[in-house]
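Peer 1: Quick note: the sequence shown uses the numbering used here, first residue 180, plus one each step.
Heads up, the beta-carbon is just placed ideally off N, CA and C, and yes, glycines get one too.
My questions will all concern the structure given below.
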Amino acid sequence: MSNLWYIKSKRQFKSIKNLQWNGVPDFAVLTGKNGVGKTHLLSFLAQALDGGSGIEISSAPFDSHESKGDILSSGNLSHETMSVVYVYDSFQSITSSSAQAAVIQGSYNNQKIIADNFSGFDAMKPANILSIQDPLIGIARASLAYKKWRSHQISIADERGDRMIPESTVPKPWNLVNDLLEESGLSYKIRPPGSDIFEAYTPMFEENGNVISAQELSSGEKTLIGIVCAIYKGEFGGSLPDVILLDEPDAHLHPEMARSMLGTLKSILVDKYGIRIIITTHNPTTVSMSPDGSIFELEKGGIVNEISRWEAVSNLSSGLFAVVPSTRYVFVEDQEDKRFYESIVSIAESRSINALNTISSGGIVFIPAPLAGPGGGVSAVKVLLKTIDSPNFAALIDRDMGTGPLPDRAYRIGRYSIENYLMDPLLLISYLHRRHDYDLSSHGLGPGDSLNISEMREDVLQSIVNEISGKLAYAARGIGFDIGEENVVTTCSYIGGIEVKIPQWITGIRGHDLMDKVGPAAFSVRFEYSKLLVDMSISGAVPLEIVETIWNIAGRE
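What follows is the structure in structure tokens.
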């Protein structure tokens, strides 16, 4: 059972004129468009909880089986001073750039001086609280604060003549960092210090006995570690904070790491250690992955309302897409994939392909996965699909991550990547002839002849495809690519009713290599994404396989 908070302001604070926020759970996600005052609200809360004035907070016990609307607030907390950690601005500047490794050594007395000079107010400053470029510095400082407190306990015990010093119930910083790393599925750990509390400690990351550089950490990993470091601020008094306020900790995070961060904060800091956490975000992806009942929207002036996940996603995505029940939303790997699939739909509709007649006018929306990181956009797509349990949402991914089983509502294209469609030999007939005066005289075509593939004889098209494919194969082998048996072919059907055979290696080679290396080596020209899309539209060289895949997604019930 947790306590819901009921928050009401007694005065104006910056843009917050009349704050009213009811039913705040132990883990709350505050959303709203830029400029509504989310940062001002957190700052107001931080000051009030830390002994300031201007806000009344009452609480009431809440069981998950109850309705929040049935709970009446009781027990005024506004007279209590709570231990608060407030992290602001910092997350916007997290990068993976290099930094000098943290080395805080020397005698305990020297370390204690450092800790003494690292005040609670300093702990709220972004540069100090996270040591963003090198989290080892933050862990070293957190460890100093912890050791300073334990040293004080030892001194008191000595004065009393106590032989037994009670073991701390507060997790050691290095242990808490390791808990978070493990919960996040990361394989490395922080090396703990020795048993001597007065021994100098230089923290290091280890993985299978090997030291990992702090520069190798992602921005998401630095964020998680930075939050732990914030807990053990300079005035650490032997207890964890009551409240942690985090202003946009998901800034610049890959969706998979954002999901991991949300789950880790909830399971470790909230559920295990009883810390109340409020985070702000304006990222619709983060909102879509937040726990049910945790999402609130701030309106200008200070009114906060609980909001459903999909309402919040739709509001934050204004101008991008609105969640409509009759529409299919398809996560794709990046912006180029979005352009490609939209072009496929447009070409098919313009040529009256029955399969796509019913999904015009916004019936299907392609959404590029944001902030692709390790694992590429496909990783983000899978995380989003796993998180969003709705039949309206699907995913369309390349074959570049293998051919293993896919989760429900995920679809895989028939070629390695979209570049393999754009470098289809049938499409290259148009691209090379129109833009680079490729000589087709041996096939009965002159420089000025129009190439309408649907009106050309298949035997002529096949002859040209064979010629282009042969030059691509020769170039690929010449620059070191193992393409296997180049004569193994597959029959491809296109939207104009044409069928030709193309080598399988062209559909299975890494698409970027085909476009950026093999193609230029074969024809001494540059293959441009946008121009290839135009020629795909002009020629109609769109394989039916990709059209049918999109249709299957659009027609899914």
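Among 525, 379, 512, 724, which one has its Cα closest to the Cα of residue 562?
Peer 2: Residue 562 sits at position 383 when you count from the first residue of the sequence shown. Checking every option, the nearest Cα to that of residue 562 belongs to 512.
Peer 1: Are the region 464 to 476 and the region 385 to 400 in contact at 8 Å, needing three or more beta carbon pairs?
Peer 2: With the cut-off at 8 Å, the region 464 to 476 and the region 385 to 400 do not touch.
Peer 1: Which two residues bound the contiguous beta strand (DSSP E) that contains residue 686?
Peer 2: As a working note, residue 686 is residue 507 in the sequence shown. No beta strand (DSSP E) contains residue 686, which is instead part of the alpha helix (DSSP H) from 683 to 687.
Peer 1: Starting from the N-terminal side, write out each stretch of the beta strand (DSSP E) that is 3 residues or longer and does not extend beyond the region 201 to 242.
Peer 2: List check, beta strand (DSSP E) in window: 206 to 210, 234 to 241.
Peer 1: I'd like to confirm the pairing. Which residues does DSSP put opposite residue 722 in its beta bridges?
Peer 2: Working through the sequence shown from its first residue, we reach residue 722 at position 543. Bridge partners of residue 722: 673.
Peer 1: Give me whichever residues DSSP pairs with residue 484 in a beta bridge.
Peer 2: In the sequence shown, the residue the question calls residue 484 occupies position 305. The partner list for residue 484 (beta bridge, DSSP) reads 476.
Peer 1: Any idea if residue 189 is buried or exposed, counting beta-carbon neighbours within 10 angstroms, 16 or more meaning buried?
Peer 2: For the purposes of this step, residue 189 is identified with residue 10 of the sequence shown, where counting begins at 1. With fewer than 16 other Cβ atoms within 10 Å, it is exposed.
Peer 1: Where do the ends of the alpha helix (DSSP H) carrying residue 523 lie?
Peer 2: Sequence index remark: in the sequence shown, residue 523 carries index 344 (1-based). Counting along the chain, the alpha helix (DSSP H) containing residue 523 begins and ends at 514 to 529.
Peer 1: For residue 182, I'd like the list of residues in its chain whose CB is within less than 7 Å of its CB, leaving aside the five on either flank, ordered along the chain.
Peer 2: To locate residue 182, count along the sequence shown from 1; it is residue 3. For residue 182, where only same-chain residues beyond five positions count, the Cβ hits under 7 Å are 238, 239, 240, 241.
Peer 1: Does the region 671 to 682 touch the region 564 to 577, meaning 3 or more C-beta pairs lie closer than 8 Å?
Peer 2: Output reads no: the region 671 to 682 does not touch the region 564 to 577.
Peer 1: Specify the secondary structure class of residue 198 as computed by DSSP and reduced to three states.
Peer 2: For the purposes of this step, residue 198 is taken as the residue at position 19 of the sequence shown. In the structure shown, residue 198 sits in coil (DSSP, three-state: anything other than H, G, I, E or B).
Peer 1: Taking only the alpha-carbon atoms, compute the straight-line gap between residue 611 and residue 604 and give it to the nearest angstrom.
Peer 2: The residue given as residue 611 occupies position 432 in the sequence shown. The residue given as residue 604 occupies position 425 in the sequence shown. Cα to Cα, residue 611 sits roughly 10 Å from residue 604.
Peer 1: Buried or exposed for residue 609, going by 16 or more other Cβ atoms inside 10 Å?
Peer 2: The residue labelled residue 609 in the question sits at position 430 within the sequence shown. Burial call: buried.
Peer 1: Evaluate residue 540 with the Cβ neighbour count: other Cβ atoms within 10 Å of its Cβ, from every protein chain shown; 16 or more gives buried, anything less gives exposed.
Peer 2: Stepping through the sequence shown from its first residue, residue 540 is reached at position 361. Note that residue 540 has pLDDT 40, beneath the 50 cutoff, so the model's placement of it is unreliable and no number is given.
Peer 1: Can you grab the Cα-Cα spacing for the pair residue 386 / residue 356, in whole Å?
Peer 2: The residue labelled residue 386 in the question sits at position 207 within the sequence shown. The residue labelled residue 356 in the question sits at position 177 within the sequence shown. Rounded to the nearest angstrom, the two C-alpha atoms are 14 Å apart.
Peer 1: Looking only at C-alpha atoms, which of 205, 368, 716, 633 sits nearest to residue 455?
Peer 2: Position 276 of the sequence shown holds residue 455. Nearest C-alpha to residue 455: 205.
Peer 1: Are residue 592 and residue 577 touching if we call contact CB-CB under 7 Å?
Peer 2: Position 413 of the sequence shown, counted from the first residue, corresponds to residue 592. Position 398 of the sequence shown, counted from the first residue, corresponds to residue 577. Yes, the pair counts as a contact, with Cβ atoms nearer than the cut-off.
Peer 1: My output table needs one value for residue 547: the three-state DSSP class, helix, strand or coil.
Peer 2: Residue numbering aside, residue 547 sits at position 368 when the sequence shown is read from its first letter. It is a strand residue.
Peer 1: Does DSSP put residue 187 in a helix, a strand or coil?
Peer 2: Residue 187 sits at position 8 when you count from the first residue of the sequence shown. Looking at residue 187 - three-state DSSP - the assignment turns out to be strand.
Peer 1: Are the Cβ atoms of residue 481 and residue 595 separated by less than 7 Å?
Peer 2: As a first step, residue 481 must be located in the sequence shown, where it is residue number 302. As a first step, residue 595 must be located in the sequence shown, where it is residue number 416. Contact flag unset, no.
Peer 1: For residue 567, name the three-state secondary structure that DSSP assigns.
Peer 2: In the sequence shown, residue 567 corresponds to position 388, counting from 1. Looking at residue 567 - three-state DSSP - the assignment turns out to be coil, as it is neither helix nor strand.
Peer 1: In the DSSP assignment, the beta strand (DSSP E) including residue 426 goes from what residue to what residue?
Peer 2: To locate residue 426, count along the sequence shown from 1; it is residue 247. From DSSP, the beta strand (DSSP E) with residue 426 extends over 422 to 426.
Peer 1: Just to confirm before moving on: does the CB-CB distance between residue 662 and residue 700 stay below 7 Å?
Peer 2: The count along the sequence shown starts at 1 and reaches residue 662 at position 483. The count along the sequence shown starts at 1 and reaches residue 700 at position 521. Their beta carbons are not under 7 Å apart, which means residue 662 does not touch residue 700 by this criterion.
Peer 1: When the distance is taken between beta carbons, is residue 632 closer than 7 Å to residue 719?
Peer 2: Here residue 719 corresponds to residue number 540 of the sequence shown, with the count starting at 1. Here residue 632 corresponds to residue number 453 of the sequence shown, with the count starting at 1. A contact, by the Cβ cut-off of 7 Å.
Peer 1: For residue 584, count neighbouring Cβ atoms within 10 angstroms of its own Cβ and tell me buried if that reaches 16, exposed if not.
Peer 2: Start at 1 with the first residue of the sequence shown, and residue 584 comes out as number 405. Residue 584 is exposed by the Cβ-count criterion.
Peer 1: Anyone know if the C-beta pair for residue 200 and residue 449 falls short of 7 Å?
Peer 2: As a first step, residue 200 must be located in the sequence shown, where it is residue number 21. As a first step, residue 449 must be located in the sequence shown, where it is residue number 270. No, Cβ-Cβ distance for residue 200 and residue 449 is not below 7 Å.
Peer 1: Express the C-alpha separation of residue 493 and residue 320 in angstroms, rounding to a whole number.
Peer 2: For the purposes of this step, residue 320 is taken as the residue at position 141 of the sequence shown. For the purposes of this step, residue 493 is taken as the residue at position 314 of the sequence shown. Distance between the alpha carbons of residue 320 and residue 493: 42 Å.
Peer 1: Considering just the uninterrupted stretch of the alpha helix (DSSP H) at residue 384, what are its terminal residues?
Peer 2: Position 205 of the sequence shown, counting from 1, holds the residue named residue 384. No alpha helix (DSSP H) holds residue 384; the beta strand (DSSP E) holding it covers 384 to 386.
Peer 1: Between residue 211 and residue 425, is the Cβ-Cβ spacing less than 7 Å?
Peer 2: As a working mapping, residue 211 is identified with position 32 in the sequence shown. As a working mapping, residue 425 is identified with position 246 in the sequence shown. Cβ atoms of residue 211 and residue 425: not closer than 7 Å.
Peer 1: Just to confirm the assignment, what range does the beta strand (DSSP E) spanning residue 459 have?
Peer 2: Indexing the sequence shown from 1 puts residue 459 at position 280. Segment 455 to 459, the beta strand (DSSP E) holding residue 459.
Peer 1: Using three-state DSSP, classify residue 599 as helix, strand or coil.
Peer 2: Position 420 of the sequence shown, counted from the first residue, corresponds to residue 599. Reduced to three states, the DSSP call for residue 599 is helix.
Peer 1: In this structure, how does DSSP classify residue 680 when only helix, strand and coil are distinguished?
Peer 2: By 1-based counting over the sequence shown, the position of residue 680 is 501. The answer is strand: DSSP assigns residue 680 an E or B state.
Peer 1: Considering Cα atoms alone, identify which of 671, 636, 685, 634 is closest to residue 650.
Peer 2: Working through the sequence shown from its first residue, we reach residue 650 at position 471. When only C-alpha atoms are compared, the closest one is 685.
Peer 1: Roughly how many angstroms separate the alpha carbons of residue 709 and residue 457, rounded to a whole number?
Peer 2: On the sequence shown, position 530 is the one that residue 709 refers to. On the sequence shown, position 278 is the one that residue 457 refers to. If I take the Cα positions, the gap works out to 44 Å.
Peer 1: Is residue 407 near the ligand FAD, with its Cβ less than 6 Å from a heavy atom?
Peer 2: Of ligands this structure carries none, so the ligand FAD is not represented either.
Peer 1: Near residue 226, which residues of its chain fall below 7 Å by C-beta distance, leaving aside the five closest residues on each side in sequence?
Peer 2: The sequence position of residue 226 within the sequence shown is 47, counting from 1. Closer than 7 Å at the Cβ level, and outside the excluded window around residue 226, lies no residue.
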